[in-house]
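Peer 1:
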Amino acid sequence: MSEQHISLDGTTKHVAPQADHGEVAKSVVQRIAQLRAWLFLAGLLVTFEIWARIDFGGTFIFSSYNWQSVAVFAVAPLLIAVGQTFVIISGGIDLSTGFIMGLAAVVAAHLTNVAGLYMPLPFAMLVGIFCAILAAGVPGVVNGLLISRLKVPPFIGTLGMFGVARGAAFLLAGGTTVPVTNSYFAMLGNGRFFGVPYLVIVTAIFVLLMHYVLSQTRFGQHNYAIGANVQAARRAGIDIKAHILRLYVLSAMCAGLGGALYAARFTAGAAQAGEPLLLDSVAAVVIGGASLFGGSGSIIGTVAGALVIAVIQYGLVFLDVEPFWQFIAVGVVIIISVLIDQAQRRFSGGKQDE
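As numbered in our numbering, the sequence shown has no gaps in its residue numbers, which increase by one up to the final residue, 584.
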């Protein structure tokens, strides 16, 4: 509202109020919070480019091979992170996805080999992938029932399934890796279409589909509503139990697709395939702007978060830095992301743990 001032000649003038510096600061913090993943990514790319030019006179950013490698690095954690994004937005967490991915990789390897004995290899490949995704959905159903019907906390329920899926995967694999003898499966994992890896193309299509589901469908909107305020969502008529069940099945099946593509990339299924990727997937979601309190996040942000982690991992290898620095770098980025999220919530008046 403008202020009124009476001038010496008796007329009234309207003077615009001064800008509220608190609102400006609030807007800046919120904008940084929304774009933090892209800012991290840009900062990393510039750092690695300068480092590469100083260290050995080469380029990091302007190498197509580097970009292809980063994209392939990002595929597996991104697929797990896509399902994790839905879960975290709802206010939950899924700790079982790493070994669900391993279980799916073993199933894909076994069934691709078996199906190849009775049908053409391309169809055998599709059967292996499809069955791997279905097999991954089974622990997802159990997770969903434990959390939605029996009221088991998501952390505890999915941690228990972590152990169950881990044991099942190792038993099914016989404690070793399962090689795949299917040329089409190997082509999916290592072939290229006009220079772009098939793995990246499949992942990009899937990510776009999940982005549409989260941002444009009723399921996605219900997910945000539950994460923001579960009681209000229940009063609005949302079937919370059914939604949570579908949510954890979706998360598990995303991990299942990741496991199938992992088996294609390495032409072998390994029970431990997703073990080191669980924390990377959670980190990608958090770096991408999702709040661990629930109610916010996006698939596009998760993509940026996964790229940040992939750039760190590949960039340090590219520059011949000891790989252990990857853990420190990713950890620092996660801490900064959480601090930015806390600052954003403080400015916006959101709930916080004291």
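Virtual Cβ for every residue (Gly too), placed ideally from N, Cα, C.
#1: Can you check whether the C-beta of residue 286 is within less than 8 Å of a C-beta belonging to chain D?
#2: Which stretch, first to last residue, makes up the alpha helix (DSSP H) that contains residue 449?
#3: Would you mind stating whether residue 517 and residue 564 have Cβ atoms separated by less than 8 Å?
#4: In the stretch 470 to 548, which residue ranges form an unbroken alpha helix (DSSP H) of at least 4 residues, counting only runs that do not cross its ends?
#5: Measuring only the C-alpha atoms, how far is residue 328 from residue 424?
#6: Taking Cβ to Cβ, would you say residue 499 is nearer than 8 Å to residue 339?
#7: Given a threshold of 16 other Cβ atoms within 10 Å of its Cβ, counted over all protein chains shown, does residue 562 qualify as buried or as exposed?
#8: For my contact list, residue 387 and residue 376 are in at a C-beta cut-off of 8 Å; report their separation, rounded to the angstrom.
#9: Under 7 Å Cβ to Cβ from residue 178, same chain only, skipping five residues before and after it: list those, please.
#10: Considering only their Cβ atoms, is the gap separating residue 477 from residue 316 smaller than 8 Å?
#11: Between which residues of its own chain and residue 583 is the CB-CB distance below 6 Å, once the five residues before and five after are set aside?
#12: Can you tell which of 266, 364, 576 and 284 has the C-alpha that lies nearest to the C-alpha of residue 488?
#13: So what's residue 422 in DSSP terms, helix, strand or just coil?
#14: What's the gap between the Cα of residue 533 and the Cα of residue 322?
#15: Consult DSSP for residue 410 and reduce its assignment to one of helix, strand or coil.
#16: Quick one: what's residue 427 bridged to in DSSP?
#17: State the Cα-Cα distance for the pair residue 455 and residue 381, rounded to the nearest angstrom.
#18: Label residue 383 either buried or exposed according to how many other C-beta atoms from any shown protein chain fall within 10 Å of its C-beta, with 16 as the threshold for buried.
#19: Let me confirm a value: residue 553 is counted as buried when at least 16 other C-beta atoms fall within 10 Å, else exposed. Which label applies?
#20: By Cβ distance, which residues of its chain are closer than 8 Å to residue 556, with the 5 residues on each side in sequence left out?
#21: As a quick exercise: from 319, 372 and 509, pick the residue whose alpha carbon is nearest that of residue 521.
#22: Grouping DSSP H, G and I as helix and E and B as strand, with all else coil, what is residue 382?
#23: Measuring CB to CB, does residue 313 end up less than 8 Å from residue 480?
#24: Please state the DSSP three-state secondary structure of residue 336.
#25: Closest to residue 531 by CA distance: which of 549, 286 and 567 is it?
#26: How is residue 348 classed by DSSP in three states: helix, strand or coil?
#27: What is the DSSP secondary structure of residue 565, reduced to helix, strand or coil?
#28: Is residue 275 near residue 291, with beta carbons less than 8 Å apart?
#29: For residue 468, which of helix, strand or coil comes out of DSSP?
Peer 2: In short, the structure shows the following:
#1: Structure shown: chain D not included; a single protein chain is present.
#2: 448 to 458
#3: yes
#4: 470 to 496, 508 to 517 and 529 to 548
#5: 31 Å
#6: yes
#7: exposed
#8: About 4 Å; that satisfies the 8 Å criterion.
#9: Missing from the structure shown is residue 178; the chain here goes from 231 to 584 and no further.
#10: yes
#11: Since pLDDT at residue 583 reaches only 46, below the 50 mark, its modelled position is unreliable, and the value read off the structure follows with that caveat. Nothing listed; no residue qualifies.
#12: 364
#13: Correct three-state label for residue 422: strand.
#14: 20 Å
#15: coil
#16: Partner(s): 422.
#17: If you take the alpha carbons of residue 455 and residue 381, they lie about 19 Å apart.
#18: exposed
#19: exposed
#20: Within the same chain, residue 556 has close Cβ partners 542, 543 and 546.
#21: 319
#22: coil
#23: Taking C-beta atoms as the reference points, residue 313 and residue 480 count as a pair closer than 8 Å.
#24: In this structure, residue 336 counts as helix in the three-state DSSP scheme.
#25: 567
#26: Coil at residue 348, not helix or strand.
#27: helix
#28: yes
#29: Here residue 468 sits in coil by DSSP.
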